[in-house]
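For reference, the structure is listed below as structure tokens.
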Amino acid sequence: MQVAAHPLRLSLCEIEYTSSKQLLTINLKLFLTDVNEALVFDPYSKELAFCQPNESVKANQLLLDYLNQFFYVKANKKAVELQIKRKKLSGEGENTALWVYFEYQQPAPLTSLEIKNAVFTDLFFDQNNIVYVHVNGKSNSLMLNKKTAVHQLKF
Amino acid sequence: MLKLHQSYPVFFLLILFIGGCKEKSAPTDSKTEEDKLVQKALEIHERVLTLDTHADTPLRMIEPGFDMAERHDPRETGSKVDYPRMIEGGLDAIFFAAFVAQDIRDDDGNTRAKALCLQMIDSIVASTQKNSDIVGLAVDPDDAYALEKEGKRAIYIGIENGYPIGKDLSNVELYFEKGVRYITLVHSSNNDLADSATDPNGTEHGGISDFGAKVVGEMNRLGIMVDVSHGNDSVFYDAVKLSKAPIIASHSNARAVTNHQRNMTDEMLKMMTENGGVVQLTMLADYLREAPPNAKRDSAVAALRANMKPIGEMTREERTALRKSFQELNEKFPNPPATVTHVVDHIDHIVKVAGIDHVGIGCDFDGGGGIEGVFDASEVMNITIELVKRGYTEEQIRKIWGGNLIRVFKEVQAKAKEIQSIEAS
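Chains as they are written, first to last, in the numbering used here: chain A, 37 to 191; chain B, 15 to 439.
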């Protein structure tokens, strides 16, 4: 698998639920160049300056507007409201990744998860989004993309 | 370059036609030299074992509803390998790599990585069972030839990234029992086994870690090929020193031809000769050639950006329209592609430096691989055509397309038997 300059169009999403903590977490790992291309039409733009001291005041809202169009998670058939808990950058250059973390209290036992992940499929016909789901110690992986954007898991 | 993939059954019809003509007269005078070379190449392609050592197709297998028995349009779906296209391209055998992205290196992370890896391996095995009329699971070097005789494609299993081994050496044997026959020690970030060529934090172990050395020893004992692709240069040198059997680079190119840290230096290529291992050429554009500038596109894009409304003031409809304009520019001024000539430039170089016995093919389909002329599994015969055009003989092509890898695979298994018999005595 290619990693430098990522011609493989890929993102990673990790969803975790542990009933003892009653906590549902979502962690998105997105290439920063893809985020910038999607939001401001320039992969190398410094306008939004994610996670920098001069981060644009509109950065989070633009990101959420975009994610709300192409991404959702429904826990027990109810969509969680995307509110960014924290973000971070990792990597360098073309491989810089923006991690976006969401966290929710989920007191009721989790019986189903429905995931839509079509991020960047508006940019790239061959975008693939890996989704790792860890629920109460059991792990599962999915690949979602333009053709298959939504999948439901039952527990 | 011929686009043989555009006519689905063309490859085999042509082979049948050629076969039927073998006993008859020589090609007519009206045939061009090019046609004759292509015919010769297709005959060779049919006769030799064609083995691709690296495809990330298991990522496709976890896509809900994806069916390996169906033919997919790569330009519509991005998918590069399915069984109909392997048949169409005359690709006899392939290593499907179970890939788990590097994550947190603690007990929880390792446990999850193992579960995800086993899920991927199970997906591969299930796919071969479901399609047992056209493919078979292969675990030994000779299985590829046996399955070829049965008219079936051979499906081998590799693991890309040693992360799912975690810190538990016994996992190596677990994966071997599941059918895994090579492990790429590391991927895009350092793990507990080895340093990556692309980790932004640089080296952590100075190559292969102490635990990674034990993993290499266990792979030698069991008969799993040690794969150094994605490792930094020190990983290569450590692997050569540590491994008792020849090593492989399942998808790497020549750095002297394209200066990329994932490619191998001439010094490494020479050491591969001494080691007896093999470098498997990959179809990743950035590893095959330095992307030439695209000034027309850049200037058109800059002009479009200069006339954009401020982002915050755009409606969703305006954004959609603007996206379409950018996409139209990309289509109007595409980047010059990497082609099969670049691929064979790398093969030429490796043959010159390391010798004909140390090069093979590992396309990295479904992991970013795919170039003009070899865009998916249905087009791999174009590599053979280019090799024939450059004067490679059938015997040389046989080595490149699988013979070399199978030789290494056999040596790895022979070494494993030797180690096991010493341990038993």
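Where is the CB? At the ideal position from N, CA and C, for every residue including glycine.
Subject >> chain A residues whose Cβ lies nearer than 8 Å to that of Arg269(B) >> reply: None at all; the shortest Cβ gap to chain A is about 13 Å.
**OP:** Scan the region 189-212 of chain B for residues whose Cβ lies nearer than 8 Å to a Cβ of chain A and list them as they occur along the chain.
**Re:** So the close ones are His201, Ser202, Thr212.
Original post:
In chain order, what residues of the same chain have a beta carbon less than 6 Å from the beta carbon of Lys110(A), not counting five sequence neighbours either side?
Top reply: Listed in chain order, the non-local C-beta contacts of Lys110(A) below 6 Å within the same chain comprise Glu150, local neighbours out to five positions each way being set aside.
Subject >> Minimum Cβ-Cβ distance from Thr91(B) to chain A less than 9 Å >> reply: With its beta carbon less than 9 Å from one in chain A, Thr91(B) belongs to the interface.
**OP:** Consider the Cβ of Arg319(B): report whether some Cβ of chain A lies at a distance smaller than 9 Å.
**Re:** It does: the Cβ of Arg319(B) has a partner Cβ on chain A nearer than 9 Å.
Original post:
Nearest chain A C-beta to Gly79(B) closer than 9 Å, yes or no?
Top reply: So, interface residue.
Subject >> Contacts around Leu51(B), its chain only, beta-carbon distance under 8 Å, and the 5 residues preceding and following it disregarded >> reply: So the list reads Ile399, Val402, Lys403, once near-sequence residues are dropped.
Original post:
Any idea if Ser439(B) is buried or exposed, counting beta-carbon neighbours within 10 angstroms, 16 or more meaning buried?
Top reply: The residue in question, Ser439(B), is exposed, as its Cβ has fewer than 16 Cβ neighbours within 10 Å.
Original post:
Does DSSP put Val155(A) in a helix, a strand or coil?
Top reply: Note: Val155(A) maps to coil in three-state DSSP.
Subject >> Cβ contact (3+ pairs, closer than 8 Å) linking the region 199-210 of chain B and the region 146-160 of chain B >> reply: Per the Cβ contact rule, the region 199-210 of chain B is not in contact with the region 146-160 of chain B (fewer than 3 Cβ pairs under 8 Å).
Original post:
Does Arg168(A) come within less than 9 Å of chain B when only Cβ atoms are used?
Top reply: Note that residue 168(A) is Tyr in the sequence shown, not Arg. Cβ-Cβ to chain B under 9 Å: yes for Tyr168(A).
Original post:
If Ala211(B) sits next to Gly165(B), beta carbons under 8 Å apart, how far is it from one beta carbon to the other, in whole angstroms?
Top reply: About 40 Å; that fails the 8 Å criterion.
Subject >> Segment limits, alpha helix (DSSP H) that includes His363(B) >> reply: Here the alpha helix (DSSP H) through His363(B) covers 354-367.
Subject >> Expected contact under 8 Å - CB spacing of Arg167(B) and Asp106(B) to nearest Å >> reply: Going by Cβ atoms, the distance from Arg167(B) to Asp106(B) rounds to 6 Å, so yes, they are a contact pair.
**OP:** Would you list the one or two residues that DSSP bridges to Gly245(B)?
**Re:** Residue pairing for Gly245(B): DSSP places it in a beta bridge opposite Ser210(B).
Subject >> Any C-beta of chain B under 9 Å from that of Arg122(A) >> reply: In terms of beta-carbon proximity, Arg122(A) stays away from the interface with chain B, with every pair separated by 9 Å or more.
Original post:
Using the rule of at least 16 other Cβ atoms within 10 Å of the residue's Cβ for burial, across every protein chain shown, is Gln188(A) buried or exposed?
Top reply: So Gln188(A) ends up on the exposed side.
Original post:
Would a C-beta distance cut-off of 9 Å place Val167(A) and Glu52(A) closer than the cut-off?
Top reply: Not in contact: Val167(A) and Glu52(A) (Cβ atoms no closer than 9 Å).
Original post:
Under 9 Å between the Cβ atoms of Ile197(B) and Met134(B)?
Top reply: Result no, Cβ atoms of Ile197(B) and Met134(B) do not sit closer than 9 Å.
**OP:** Scan the region 135-187 of chain B and note each continuous beta strand (DSSP E) run of 3 residues or more that stays entirely inside, going in chain order.
**Re:** Counting only runs of 3 or more, we get 149-151, 167-174.
**OP:** Give a yes or no on whether the minimum CB-CB distance between Gly326(B) and chain A is below 9 Å.
**Re:** So, interface residue.
Subject >> Beta carbon proximity, Val109(A) to chain B, threshold 9 Å >> reply: When Cβ-Cβ separations below 9 Å define contact, Val109(A) makes no contact with chain B.
Original post:
When the Cα atoms are used, what is the spatial distance from Ile370(B) to Ile169(B)?
Top reply: Each residue's alpha carbon lies about 25 Å from the other.
Subject >> Through-space distance from Val171(A) to Ala115(A), alpha-carbon basis >> reply: When rounded, the separation of the alpha-carbon atoms in Ala115(A) and Val171(A) is 17 Å.
Original post:
Relative to chain C, which residues along the region 50-82 of chain B have a C-beta separation below 9 Å, given in chain order?
Top reply: Among the protein chains of the structure shown, namely A and B, there is no chain C.
Subject >> Close-in-space but distant-in-sequence residues of the same chain around Leu118(A) (CB under 7 Å, 5 per side omitted) >> reply: Here the set comprises Leu100, Leu103, Asn104, Phe138.
**OP:** Compare the C-beta of Ala115(B) against all C-beta atoms of chain A and say whether one is closer than 9 Å.
**Re:** The Cβ of Ala115(B) sits closer than 9 Å to at least one Cβ of chain A.
Original post:
Are there 16 or more other CB atoms within 10 angstroms of the CB of Ala95(A), so buried, or fewer, so exposed?
Top reply: Ala95(A) is buried by the Cβ-count criterion.
Original post:
What residues are listed by DSSP as bridge partners for Gly374(B)?
Top reply: Gly374(B) is bridged by DSSP to Gln294(B).
Original post:
Whose C-beta lies closer than 6 Å to the C-beta of Gly172(B) among residues of the same chain, with five residues either side of it excluded?
Top reply: Within the same chain, Gly172(B) has close Cβ partners Phe109, Ala111, Tyr196.
**OP:** Run down chain B in chain order and give the residues with a C-beta less than 9 Å from the C-beta of Asp158(A).
**Re:** Neighbourhood of Asp158(A) in chain B, by CB distance below 9 Å: Thr334, Arg337, in chain order.
Original post:
For Phe266(B), does the three-state DSSP call read helix, strand or coil?
Top reply: According to the sequence as given, residue 266(B) is Ser; it is not Phe. Of the three classes helix, strand and coil, the one that applies to Ser266(B) here is coil, per DSSP.
Subject >> CB contact check: Thr184(A) to chain B, cutoff 9 Å >> reply: Chain B has a Cβ within less than 9 Å of the Cβ of Thr184(A).
**OP:** May I ask which residues mark the beginning and end of the alpha helix (DSSP H) holding His59(B)?
**Re:** Taken as a continuous stretch (DSSP letters only), the alpha helix (DSSP H) holding His59(B) covers 47-61.
Original post:
Just by C-beta distance, which residues in the region 133-166 of chain A are closer than 9 Å to chain B?
Top reply: Interface annotation for the region 133-166 of chain A against chain B: Asp158, Leu159, Phe160, Phe161, Asp162, Gln163, Asn164, Ile166, criterion Cβ-Cβ distance under 9 Å.
**OP:** Tell me, please, whether the CB atom of Met286(B) is closer than 9 Å to any CB atom in chain A?
**Re:** No, no contact with chain A.
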